[in-house]
Amino acid sequence: MQTLSKICGELGLKFDGEDREISGLNTLQDAGASEISFLENSKYASQLAATQAAAVFITAEFAPMLPADVTALVTDAPYLTLAKASALFAPERLEHTGKASEIGEGTIVEEGAFIARGAVIGSNCHIMPGVFIGNNVTIGENTVLYPNVTVYRDCVIGSDCIVHSGAVIGSDGFGFATTKQGEHVKIHQNGNVVIGDDVEIGANTTIDRAAFASTVVKKGARIDNLVQIGHNCVIGEYSVLVSQVGLAGSSTLGRNVVMGGQSATAGHLSIAPFTTIAARGGVTKNVEKAGVYGGFPLMEHKLWLKLQGRLARLLKR
Amino acid sequence: MQTLSKICGELGLKFDGEDREISGLNTLQDAGASEISFLENSKYASQLAATQAAAVFITAEFAPMLPADVTALVTDAPYLTLAKASALFAPERLEHTGKASEIGEGTIVEEGAFIARGAVIGSNCHIMPGVFIGNNVTIGENTVLYPNVTVYRDCVIGSDCIVHSGAVIGSDGFGFATTKQGEHVKIHQNGNVVIGDDVEIGANTTIDRAAFASTVVKKGARIDNLVQIGHNCVIGEYSVLVSQVGLAGSSTLGRNVVMGGQSATAGHLSIAPFTTIAARGGVTKNVEKAGVYGGFPLMEHKLWLKLQGRLARLLKR
Amino acid sequence: MQTLSKICGELGLKFDGEDREISGLNTLQDAGASEISFLENSKYASQLAATQAAAVFITAEFAPMLPADVTALVTDAPYLTLAKASALFAPERLEHTGKASEIGEGTIVEEGAFIARGAVIGSNCHIMPGVFIGNNVTIGENTVLYPNVTVYRDCVIGSDCIVHSGAVIGSDGFGFATTKQGEHVKIHQNGNVVIGDDVEIGANTTIDRAAFASTVVKKGARIDNLVQIGHNCVIGEYSVLVSQVGLAGSSTLGRNVVMGGQSATAGHLSIAPFTTIAARGGVTKNVEKAGVYGGFPLMEHKLWLKLQGRLARLLKR
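Chains as they are written, first to last, in the numbering used here: chain A, 1 to 317; chain B, 318 to 634; chain C, 635 to 951.
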């Protein structure tokens, strides 16, 4: 736990209000009373009025829009300041002290697996050789981790899950702020990944941890090999992601969404439940109505088929 | 080995015929006299007459089409029943009893590699740190497995092969039946992967094991990094798969097929020998004549180039 | 070190000139006085006159174009001869003799990591479980290798780098010569990978070692998950490669190039500094002027948007 005054001291920000304890960073929408948020992009300015954050990294121009009880931490470059602040909340990569790990009855941990302190693994799991399970990871019952799976610290995996070899759960989301000189400053990804029950994850698939809060894969989802799930995505119950799908950060999929092979989303989009995206489809806008879509940019799949007919005709001219 | 009566008992299916031993599950076309098959999709009904299966999971409607000596196991949902049956034939993930592994003369097994019981590795191989080799895997001579390669149980790798780091051979194919409520039931992938001699497999490439029988990569193939090969694919001799290629299940490539970077196939398609698919090509139908193809949907590459010319003209209007 | 006469003996080539020591193979442009080069493709014949190579694998037709002090090693199939010669320069995969590894002060090597002889790791690094570091790898200070990363021998990683789980650095580039019978002969990739300071590399990303010389990732680059970087690429300072990007061999990116998700390059192309390639863009030619590009084949992004408008109109007819 850090204090607001100490954080401002480290970041070189002016602060003379009432001090308080700060537990972390979050978005304007999700920040609680012990968290700091930020405003970089003016399109989110409308969220200032309702934010519950303790304080906000913000430019002088927008500071007056904050509620009276929210501290403005004025900076020319809020996102860059956020990046610097994120380092203050990053936990140790691997702690060798603290509570011992707990392994449930009937769980087999094979030779050559590594289970860090604080991990809690339920009963009848199978942890195969070369698996790494980080600090404080929680795993339910009957879950199988095939050889050479990596689960970064603080992630949660449900019961009855199967994770295939080489899958990586909880690697850092792709987040950084860029200076005027074009250099990148890491935004430490202090969130985690939460995977529900009965989820299967394919070989060499990667699921990034959230910048704040959690990347979520809900109950019953089926994820094929070599799929990329960016930070802060939410994958609905029983969704199906075929091989080589790429989901950009903060994509939200409703339940039973099917994404065909090599299809992808741009970031910060949502897809309605029971929607199918055909193979190679590129989701470039929210999908608000269930249906079958394809193409890039995205359109109704029957329109895409019609377009191919038109193009064939164009070729004959 | 299981008996038909016991299997039906476990699945809640009516069975009062003559009992027999069942060794596994297979397709209508490939099932032998000790195997059970299934008919879900009516387009395969024409295969019923010639099936050699002992019994078939089938709806009442199609049951009369079966030969007299094939037992109809009537169910409303044959594919779902198949999924449930597949669990009965799934072997243990990792057995610590049984025949010791055999390591050929001159083969080096580095510290930190894991070789399960029953594996047979030929002479002059090099098994590097972090490699996992499952039960009963067979490897020829002079084959190299770089660090952190995973080979699931029962797979076969030939002689003079090179498998680069992070590659996963024999992970489960992406197979499940979906209930009316939209929940997915795993089809256990009880087949394996068979890789011929002189094959090179790139880093973090994934080759899924077959649902039944084998996924096959034939002699002399060259597979780049991050390639996905779905279950039951057959890759012809000396074929070349460039990075990020994705082959859907049951794709069959003839010899010396070249697939450019990020190209892909839809499932259950075949590609004629000596065919080239250009980078990004999406194979949406069988390719029966050797040539150079590209685009998505697939067309002759020269047509694709012509189409780009037409589109450039369209832009100028 | 080998001699020219010995190499020719092994390859069955005629050689009666003055003998000399040969350290390796290289391109016509880059070969030094102790290296052998080759000419397969006549479009590079113009480089013969200026080559500094000791000798060149070359057909009889082009041999007269070589400078007087460069030895012509005449062969019908120069590229195939190069492939065979490359095997003569391939180092051992993993040596257990030679200089012990050096680990800097404050560096933590976790249990289950493997560090080969001759590796030199600077201070305050963190090498996590399941990591493999090959012979003579050099790593700077404060660099983190997450679990199950593989770094092949002779590669170089700078200071302040982060490499996420499952990433593979230094796997063999995808290189082979093909015989008239359609069989492939490996070109041993005797170069390495050199990564500058402050580079972050995502989970399950693969960076291939060079055929000759180095694949280079310069200072400050940010590389996301499941990215493929082919042999002999050069990635400029502060470049950003989003998930599932695929760079074919010998792609050269200037500084601050941004490549969107699933975008790709054909080989032997260069991209001007400060260029952005939109998601899915396919770079099919050199990009000489900074700007925003997209589509496949590549065009200015605003043209691509215009094209989508035209196609929408085409659909309405």
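Just so it is clear, CB atoms sit at the ideal spot from N, CA and C, and this is done for glycine as well. All values reported here derive from a predicted model rather than from experimental measurement.
Rounded Cβ spacing between residue i and residue j (contact assumed at less than 8 Å)
i: isoleucine 450/B; j: valine 468/B; result: 5 Å
i: isoleucine 761/C; j: alanine 750/C; result: No, isoleucine 761/C and alanine 750/C are not in contact; Cβ-Cβ is about 12 Å, not under 8 Å.
i: glutamate 352/B; j: tyrosine 396/B; result: Between tyrosine 396/B and glutamate 352/B the Cβ distance is about 16 Å, and since that is not below 8 Å, they are no contact.
i: serine 904/C; j: glycine 915/C; result: About 15 Å; that fails the 8 Å criterion.
i: glutamine 47/A; j: leucine 73/A; result: That belief does not hold up - the Cβ atoms of glutamine 47/A and leucine 73/A are roughly 16 Å apart, past 8 Å.
i: serine 720/C; j: leucine 659/C; result: 6 Å
i: tyrosine 146/A; j: histidine 501/B; result: That belief does not hold up - the Cβ atoms of tyrosine 146/A and histidine 501/B are roughly 19 Å apart, past 8 Å.
i: leucine 615/B; j: lysine 602/B; result: 6 Å
i: leucine 941/C; j: leucine 628/B; result: 6 Å
i: alanine 367/B; j: methionine 382/B; result: Their Cβ separation, rounded to whole angstroms, is 11 Å, which puts alanine 367/B and methionine 382/B out of contact at 8 Å.
i: phenylalanine 296/A; j: aspartate 30/A; result: That belief does not hold up - the Cβ atoms of phenylalanine 296/A and aspartate 30/A are roughly 31 Å apart, past 8 Å.
i: alanine 279/A; j: glycine 260/A; result: 3 Å
Selection from the options that minimises the alpha carbon distance to residue i
i: valine 607/B; options: Ile546/B, Ala589/B, Ala366/B; result: A small correction: the amino acid at residue 607/B is alanine; valine does not occupy that position in the sequence shown. Alanine 607/B has its Cα closest to that of Ala589/B, out of Ile546/B, Ala589/B, Ala366/B.
i: glycine 130/A; options: Lys733/C, Ser799/C, Ile773/C; result: Ser799/C
i: glutamate 427/B; options: Asn441/B, Gly415/B, Leu328/B, Lys416/B; result: Asn441/B
i: asparagine 465/B; options: Thr424/B, Ile438/B, Asp489/B, Ala520/B; result: Ala520/B
i: valine 876/C; options: Ser239/A, Thr265/A, Glu237/A, Gly260/A; result: Thr265/A
i: glycine 158/A; options: Ser86/A, Ala45/A, Ala221/A, Ser23/A; result: Ala221/A
i: valine 851/C; options: Glu934/C, Thr812/C, Val891/C; result: Val891/C
i: threonine 178/A; options: Arg209/A, Ala83/A, Gly309/A, Gly261/A; result: Ala83/A
i: isoleucine 518/B; options: Leu722/C, Ser805/C, Ala694/C, Pro701/C; result: Ser805/C
i: valine 797/C; options: Gly774/C, Pro931/C, Gly894/C, Phe810/C; result: Gly774/C
i: threonine 174/A; options: Ile207/A, Val194/A, Leu311/A; result: The sequence shown places phenylalanine at residue 174/A, rather than the threonine named in the question. When each option's Cα is compared against that of phenylalanine 174/A, the closest is Ile207/A.
i: threonine 709/C; options: Pro698/C, His730/C, Ala694/C, Asn769/C; result: Ala694/C
i: histidine 413/B; options: Lys497/B, Glu422/B, Asn453/B; result: Asn453/B
i: glutamate 288/A; options: Leu253/A, Tyr44/A, Leu305/A; result: Leu253/A
i: alanine 711/C; options: Asp703/C, Ala697/C, Ala702/C, Ala724/C; result: Ala697/C
i: phenylalanine 355/B; options: Ser418/B, Gly563/B, Ile375/B, Glu338/B; result: Ile375/B
i: glycine 864/C; options: His548/B, Val551/B, Gln561/B, Asn549/B; result: Gln561/B
i: aspartate 336/B; options: Asp386/B, Ala362/B, Ser359/B; result: Asp386/B
i: serine 735/C; options: Thr715/C, Gly816/C, Arg787/C; result: Arg787/C
6 Å Cβ shell around residue i - same chain, five flanking residues per side excluded
i: cysteine 161/A; result: Thr143, Val199
i: glycine 267/A; result: Ala248, Gly249, Ser250
i: threonine 138/A; result: Val120, Val156
i: glycine 292/A; result: This sequence places valine at residue 292/A; glycine is not what is there. Answer for valine 292/A: Thr276, His301, listed in chain order.
i: valine 593/C; result: For residue 593/C there is no data in the structure shown, the boundaries of chain C being 635 and 951.
i: asparagine 232/A; result: Ala210, Thr215, Gly249, Ser250
Close Cβ partners of residue i (< 7 Å) along its chain, the five nearest in sequence each way excluded
i: threonine 522/B; result: Ala484, Ile540, Asn542, Leu543, Val544
i: isoleucine 737/C; result: Val743, Ile755
i: alanine 667/C; result: Gln686, Ala688
i: leucine 405/B; result: Gln319, Ile324, Glu327
i: serine 657/C; result: Met635, Ser668, Glu669
i: alanine 724/C; result: His822, Asn824
Own chain, CB closer than 8 Å to residue i, minus 5 neighbours either side, in chain order
i: threonine 388/B; result: Leu321, Phe332, Gly334, Ala371, Ala372, Val373
i: lysine 99/A; result: Arg117, Gly118
i: lysine 219/A; result: Gly158, Gly196, Asp197, Asp198, Val199, Glu237, Tyr238
i: arginine 889/C; result: Lys852, Gly870, Glu871, Tyr872, Ser873, Pro907, Phe908
i: serine 359/B; result: Phe379
In chain order, each alpha helix (DSSP H) run of at least 4 residues that lies wholly inside the segment 739-824 of chain C:
none
For the segment 859-866 of chain C and the segment 176-190 of chain A, state whether three or more C-beta atom pairs, one from each stretch, are separated by less than 8 Å.
no
Curious, which full-length alpha helix (DSSP H) runs of at least 4 residues does the segment 4-86 of chain A contain?
4-11, 78-86
Could you tell me which uninterrupted beta strand (DSSP E) segments, each at least 3 residues in length, are contained entirely in the segment 246-309 of chain A, listed from first to last along the chain?
292-294
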